[in-house]
Amino acid sequence: MLEALDQLQAQSTSFSGHVYIYDLVGQYTLHASNSITEMLGYKADDVYTFGPNGLASLIHPDDLDLVADYYQRLSTLKAQESVSIQYRMKRSDGTWCLLQSQETRLEGPNERPSTQVLGILQETTQFATSIPRELMLLGKYPST
């Protein structure tokens, strides 16, 4: 399945997202497409070793509570239900980028929710230059 995700992304020239699978119980990334590491400037192995505390260190301090609440919400999703969020993350060069993330709870055995979510991540920094900071923190963004 992981190879199929990478192949699908590589074949789609109009798809600008980055694909990953995250384990909610273990709080670690099971798979991340190479484009995520390229976008953020980290080595591929770094993404797998961050764990929950490492990832938190990359999220903008003003967005930590928002992201923590969001991850709590992920654990209550039904199989194939989706939610999304926008937050800032630190690149390896120390600059911040604005990301739009959408997660879908995967289906496990017997049509029960899996402990894993499929995520699609897009950088939206270029669209955020005219968004007031107050709206950004509330998660209220104009549609683009």
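Here the sequence shown is numbered in the numbering used here, starting from 132 and rising by one per residue.
C-beta: ideal position from N, C-alpha, C; glycine also.
Keep in mind the model is a prediction, meaning the values are calculated, not measured.
**Message:** I need the straight-line Cα distance from Ala187 to Ser245, nearest angstrom please.
**Reply:** In the sequence shown, the residue the question calls residue 187 occupies position 56. In the sequence shown, the residue the question calls residue 245 occupies position 114. Rounded to the nearest angstrom, the gap between the Cα atoms of Ala187 and Ser245 is 23 Å.
**Residues bridged to Tyr202 (per DSSP)** = In the sequence shown, counting from the first residue as 1, residue 202 sits at position 71. In the DSSP output, where bridge partners are listed per residue, Tyr202 has none listed.
**Asked** Hey, out of Thr256, Thr235 and Lys174, whose CA is closest to Tyr202's CA?
**Response** Along the sequence shown, one-based indexing puts residue 202 at 71. Per the Cα distances, Thr235.
**Request:** With distances taken Cα to Cα, identify the nearest neighbour of Val150 among Thr255, Val248, Thr256 and Gln257.
**Result:** Translated into the one-based positions of the sequence shown, residue 150 becomes position 19. Nearest of Thr255, Val248, Thr256 and Gln257 to Val150, Cα basis: Val248.
**Asked** Buried or exposed: which applies to Gln217, given that a residue is buried once 16 or more other Cβ atoms fall within 10 Å of its Cβ?
**Response** As a working mapping, residue 217 is identified with position 86 in the sequence shown. Buried: at least 16 other Cβ atoms inside 10 Å.
**Item:** Candidates Ser164, Ile190, Leu161 and Lys174, of which the one nearest Leu230 by Cα
**Value:** Your numbering for residue 230 matches position 99 in the sequence shown. In terms of CA proximity to Leu230, Ile190 leads the group Ser164, Ile190, Leu161 and Lys174.
**Prompt:** CB of Leu197 to nearest heavy atom of the ligand NAP: below 7 Å?
**Reply:** Among the components modelled here there is no ligand, and therefore nothing to report on the ligand NAP.
**Request:** Would you please state the rounded distance, in angstroms, between the beta carbons of Gly172 and Ser223? I believe it to be under 8 Å.
**Result:** Stepping through the sequence shown from its first residue, residue 172 is reached at position 41. Stepping through the sequence shown from its first residue, residue 223 is reached at position 92. Their Cβ separation, rounded to whole angstroms, is 3 Å, which keeps Gly172 and Ser223 in contact under 8 Å.
**Item:** Residues near Gly239 by beta carbon distance below 6 Å, same chain, minus five either side
**Value:** Taking the sequence shown and counting its residues from 1, one reaches residue 239 at position 108. Closer than 6 Å at Cβ, skipping near neighbours: Ser245.
**Message:** Distance check for Ile167 and Gln211, CA to CA, integer angstroms please.
**Reply:** Taking the sequence shown and counting its residues from 1, one reaches residue 211 at position 80. Taking the sequence shown and counting its residues from 1, one reaches residue 167 at position 36. Between Gln211 and Ile167, the C-alpha separation is close to 23 Å.
**Message:** Just to confirm my understanding: we take Thr255, look at its own chain, exclude 5 residues before and 5 after, and list those with CB closer than 6 Å. What are they?
**Reply:** Reading the sequence shown from its first residue, position 124 is the one you call residue 255. Taking Thr255 as the centre and dropping the five residues before and after it, the same chain places the C-beta of Leu229 and Gln231 closer than 6 Å to its C-beta, in chain order.
**Prompt:** Which class does Thr207 belong to by DSSP, given the choice of helix, strand or coil?
**Reply:** As a first step, residue 207 is located in the sequence shown; it is residue number 76 there, counting from the start. If DSSP states are grouped into helix, strand and coil, Thr207 belongs with coil.
**Request:** Rounded to whole angstroms, what's the CA-CA distance from Gln257 to Trp227? Just pull it up for me.
**Result:** For the purposes of this step, residue 257 is identified with residue 126 of the sequence shown, where counting begins at 1. For the purposes of this step, residue 227 is identified with residue 96 of the sequence shown, where counting begins at 1. When rounded, the separation of the alpha-carbon atoms in Gln257 and Trp227 is 12 Å.
**Request:** Just the C-alpha distance for Ser213 and Tyr159, rounded to the nearest angstrom, thanks.
**Result:** Position 82 of the sequence shown, counted from the first residue, corresponds to residue 213. Position 28 of the sequence shown, counted from the first residue, corresponds to residue 159. Taking the straight line from one Cα to the other gives about 19 Å.
**Asked** Can Leu155 and Ser206 be called in contact, C-beta distance under 8 Å?
**Response** To locate residue 155, count along the sequence shown from 1; it is residue 24. To locate residue 206, count along the sequence shown from 1; it is residue 75. Yes, the Cβ-Cβ distance between Leu155 and Ser206 is below 8 Å.
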